[in-house]
Amino acid sequence: MITARRILSFLLLLVIALSGASCNSGTPDDPANNGTSIIPPVTDSDNETAVNTENPRLTYTLPIPETDGNVSVETALAERRSHRQFQDKALSIDQISQVLWAAYGVTSPHDNPQFRGGMRTSPSAGATYPLEVYLVVGNVEGVEPGVYRYISDEHKIERVVAGDVRQQEPLASNSMAVSAPASIFYSAVFERTTGRYGEAGEQYVFIEVGHSAQNVYLQIEALGLGTCAVGISIVTDSHATYRELLALPANEMPMYLMPIGFKA
Numbered sequence: 142m143i144t145a146r147r148i149l150s151f152l153l154l155l156v157i158a159l160s161g162a163s164c165n166s167g168t169p170d171d172p173a174n175n176g177t178s179i180i181p182p183v184t185d186s187d188n189e190t191a192v193n194t195e196n197p198r199l200t201y202t203l204p205i206p207e208t209d210g211n212v213s214v215e216t217a218l219a220e221r222r223s224h225r226q227f228q229d230k231a232l233s234i235d236q237i238s239q240v241l242w243a244a245y246g247v248t249s250p251h252d253n254p255q256f257r258g259g260m261r262t263s264p265s266a267g268a269t270y271p272l273e274v275y276l277v278v279g280n281v282e283g284v285e286p287g288v289y290r291y292i293s294d295e296h297k298i299e300r301v302v303a304g305d306v307r308q309q310e311p312l313a314s315n316s317m318a319v320s321a322p323a324s325i326f327y328s329a330v331f332e333r334t335t336g337r338y339g340e341a342g343e344q345y346v347f348i349e350v351g352h353s354a355q356n357v358y359l360q361i362e363a364l365g366l367g368t369c370a371v372g373i374s375i376v377t378d379s380h381a382t383y384r385e386l387l388a389l390p391a392n393e394m395p396m397y398l399m400p401i402g403f404k405a
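Numbering (my numbering), first residue to last: 142 to 405.
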């Protein structure tokens, strides 16, 4: 059973992993110690995607990401900052490809189904890879607006919700998400990690989203773009509105939002 103290410890670890403040606005709600687990129920099958049946499964195969950029890791670290304002300018499919690969791309393919495609750019406890990465598209060259799931082992995106959802709640209440041409969104299937490590696995999942988000920060900086990490409350009902808007499976917990775009 997860107590309020443990939840706060998890959130502190996430902040440490990112080495910087998130871009949330307002005062977060105090977690209620009501003895209710924050982890969504595990369904009979580990759903990989939830497709809005009213919309086609539109997919895009992404360009091969670069592994030898012009900006050093040291420079990206020194210049990394959170940016909250973005130009009204479309992102390219090459930029999207690079950012998604940095977030959770496969760097060493593996046939073992445990690895779900192979080793990634981000470390994971026991290579359990509990995260799911989504792309909210508003203005990306050559890509129809909508919500897409990143399929890392094939380096492609598959649409799960059609249309530009940036003006819909809860995104509409976040000026960064509205103005950014795209946003990276994280959810997590806790069971992948807790199934191996028990309660300790809950902590590992929170740490892992910090690992991946820092990858995004550094890649964004190297591309000359901007982003700002936005935590999603897991101790209030706000996560339910994200789940509904993005058509997430019941066993995925909304975790993190990172609007991305050209710095204003």
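We put the CB at the ideal spot given by N, CA and C, even for glycine.
A straight-line Cα-Cα distance of about 6 Å links threonine 269 and arginine 333. Here arginine 384 carries a helix assignment [DSSP, helix/strand/coil]. Inter-segment contact for the region 298-305 and the region 359-376 is absent: fewer than three beta-carbon pairs are separated by less than 8 Å. Between the C-alpha atoms of phenylalanine 331 and glutamate 295 there is a straight-line separation of about 23 Å. The beta carbon of alanine 329 is closer than 6 Å to those of Pro271, Leu272, Val346, Met394 and Met396 in its chain, skipping five residues each way along the sequence. Take the alpha-carbon of alanine 323 and the one of leucine 203: they are about 15 Å apart. Non-local C-beta neighbours of proline 286 in its own chain, meaning closer than 7 Å and more than five positions away in sequence, comprise Val278, Gly279, Gly304 and Asp305, ordered along the chain. For leucine 364 against glutamine 236, the beta-carbon gap comes to about 6 Å, under 8 Å, which counts as contact. In the structure shown, alanine 219 adopts helical secondary structure according to DSSP, grouped into three states. Assignment of beta-bridge partners to tyrosine 289 by DSSP yields Leu276 and Arg300. When only Cα atoms are considered, histidine 224 and proline 311 end up about 20 Å apart. Listed in chain order, the beta strand (DSSP E) runs fully inside the region 311-397 are 323-329 and 366-368, counting runs of at least 3 residues.
Tyrosine 245: not part of any beta strand (DSSP E); member of the alpha helix (DSSP H) spanning 234-245, first to last residue. With respect to the 8 Å criterion, isoleucine 325 and isoleucine 401 are classified as neighbours on the basis of their beta carbons. For tyrosine 201, the enclosing beta strand (DSSP E) has its first and last residue at 200-202. For valine 284, DSSP records a beta bridge to Val281. In the structure shown, glycine 210 adopts coil according to DSSP, grouped into three states. In this structure, glycine 267 sits away from arginine 222, with a CB-CB distance that is not shorter than 8 Å. Counted as a single uninterrupted DSSP element, the beta strand (DSSP E) harbouring glycine 259 occupies residues 259-261. Around tryptophan 242, the same chain offers Pro206 as residues with beta carbons nearer than 6 Å, after the five sequence neighbours per side are excluded. Exposed is the label assigned to asparagine 211, since fewer than 16 other Cβ atoms lie within 10 Å of its Cβ.
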